[in-house]
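Residue numbers (the working numbering): 11 to 321.
Note that the Cβ used here is the ideal one computed from N, Cα and C, for glycine as well.
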Amino acid sequence: MKDAPPAAQPALSPAVTSPALPQNILSIQSWVAYGHVGNAAAVFPLQRLGFEVWAIHTVQFSNHTGYGAWTGAVFPPEQVADLIDGIEARGALGGCHAVLSGYMGSEGTVAAVVDAVRRVRVANPGALYACDPVMGDVGRGVFVRPELPELITAQAIPEADVVTPNQFELELLTGHTVDTLEHALEAARALRERLRAGGPRIVVVTSLVRSGAPEGSIETLVVTDGGAWLCRTPLLPLDPPRNGTGDAIAALFLGHYLRSGDAAQALSLSMSALYALLQRTHVAGTREIQLVAAQDEFLKPVRVFEAQQVG
11 MKDAPPAAQP
21 ALSPAVTSPA
31 LPQNILSIQS
41 WVAYGHVGNA
51 AAVFPLQRLG
61 FEVWAIHTVQ
71 FSNHTGYGAW
81 TGAVFPPEQV
91 ADLIDGIEAR
101 GALGGCHAVL
111 SGYMGSEGTV
121 AAVVDAVRRV
131 RVANPGALYA
141 CDPVMGDVGR
151 GVFVRPELPE
161 LITAQAIPEA
171 DVVTPNQFEL
181 ELLTGHTVDT
191 LEHALEAARA
201 LRERLRAGGP
211 RIVVVTSLVR
221 SGAPEGSIET
231 LVVTDGGAWL
241 CRTPLLPLDP
251 PRNGTGDAIA
261 ALFLGHYLRS
271 GDAAQALSLS
281 MSALYALLQR
291 THVAGTREIQ
301 LVAAQDEFLK
311 PVRVFEAQQV
321 G
């Protein structure tokens, strides 16, 4: 008796046979096993927004250093280049749509990140570089090695398409005092002029507290070639301030900007998502930001804070 012919397989719909491939982001930042800072704050939100993330860790610690004690190791800058070599050997760099960098703990790491950006752009000239110039904050001052602000200013900023300094870092990068909206706009525009020529030249100023703003609020400002927008949210009483929020907002803004190409929309959605994240953290009373619990807010925030054009 002959075997019965195999049953015909149902035809797959075009949506199944030709799916749109996600965009790829190379993220070079620190990593912690416990909690959420650096890549541990940036990778998951980007994945939730639909991106493939190639994460390269510059350090691996047990927890963020704000606890005062931690274990782990700082990786040599040569490891960044070595991992880029491995990705390049797969023929993958041409499919990299953006590079995101955060904390860079040494002179060698700054150079390694800039070299990685250049290598990606050789393979894909359209790739964007988003630099979160992690150097310090109000109340804490400069918390990186003394030589790093100058190195980041000289090497990383001129390669960047998007920079996301907090208010303190904007002052450090430009030498401008930022205490009013007008001064914030002036400083952001001065920084824009130093970003990569031919790119979108977007400056995102986070944690902006200025005179003239409503009491009990905190703002984020974005300045582009097409204008400037301000997004205001309530200031939640988180004491101490939670680590990782700057890493999360840099990732969320980059992700939403890559999805829409609209800086004002990316500002509104990323700040709305961040507020929801911090609100959950405040209600939970946890030291670590509630990144997983707030994941649905990354894609579609329940409460949307609109960006208002200011210039």
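Could you name the residues of the same chain whose beta carbon sits closer than 8 Å to that of residue i, not counting the 5 residues immediately before and after it, in chain order?
i, result
"A166", "S111, M114, V120, V123, V124, C141 and P143"
"S227", "R242, T243, P244 and L245"
"V302", "F54"
Counting only the same chain and skipping the five closest in sequence on each side, list residues whose C-beta sits under 6 Å from that of residue i.
i, result
"N73", "V42, Y44, G45 and W80"
"Y285", "T243"
"A261", "A52, P55 and L56"
"A274", "W239 and A317"
"G118", "P87"
"V154", "M145"
Here's a check: name, in chain order, each residue in its chain whose Cβ is nearer than 7 Å to the Cβ of residue i, leaving out the five neighbours to either side.
i, result
"G104", "A133 and N134"
"D308", "The sequence shown places Phe at residue 308, rather than the Asp named in the question. Here the set comprises P55, R58, L59, L262 and A283."
"P32", "G60, F61 and E62"
"S280", "I259, L262, F263 and H266"
"I94", "A126 and R129"
With burial defined as no fewer than 16 other Cβ atoms inside 10 Å of the residue's Cβ, what is the status of residue i: buried or exposed?
i, result
"L36", "buried"
"D171", "buried"
"S270", "exposed"
"A99", "exposed"
"Q300", "buried"
"S23", "Because the pLDDT of S23 is 47, which lies under 50, any placement of that residue in the model is unreliable, and the question is left without a value."
"D249", "exposed"
"F315", "buried"
"A65", "buried"
"Y139", "buried"
"A164", "exposed"
"R150", "exposed"
Could you give the first and the last residue of the continuous alpha helix (DSSP H) run that contains residue i?
i, result
"Q177", "Q177 to T184"
"I259", "T255 to S270"
"S282", "A273 to A294"
"G82", "Per DSSP, G82 belongs to no alpha helix (DSSP H); it is in the beta strand (DSSP E), G82 to V84."
"A197", "L191 to R202"
"A126", "E117 to A133"
"A50", "N49 to R58"
Grab the span of the beta strand (DSSP E) containing residue i for me, first residue to last.
i, result
"I97", "Unbroken run through I97 is the alpha helix (DSSP H), P87 to A99; no beta strand (DSSP E)."
"N34", "N34 to V42"
"T216", "I212 to L218"
"F71", "E62 to F71"
"P244", "G237 to P244"
"L231", "S227 to T234"
"V109", "C106 to S111"
Report the rounded CA-to-CA distance for residue i versus residue j, giving the unit in angstroms.
i, j, result
"F178", "G185", "10 Å"
"N49", "L246", "24 Å"
"R313", "G96", "42 Å"
"T296", "N253", "11 Å"
"P311", "Q305", "10 Å"
"G209", "V84", "32 Å"
"Q70", "S40", "6 Å"
"L205", "D235", "12 Å"
"A202", "G78", "Note that residue 202 is Arg in the sequence shown here, rather than Ala. Answer to the nearest angstrom: the Cα atoms are 35 Å apart."
"L180", "V215", "7 Å"
"L231", "D147", "16 Å"
"V293", "G76", "21 Å"
"L277", "L218", "14 Å"
Is the segment 185 to 199 in contact with the segment 210 to 227, if contact means three or more CB pairs nearer than 8 Å? yes
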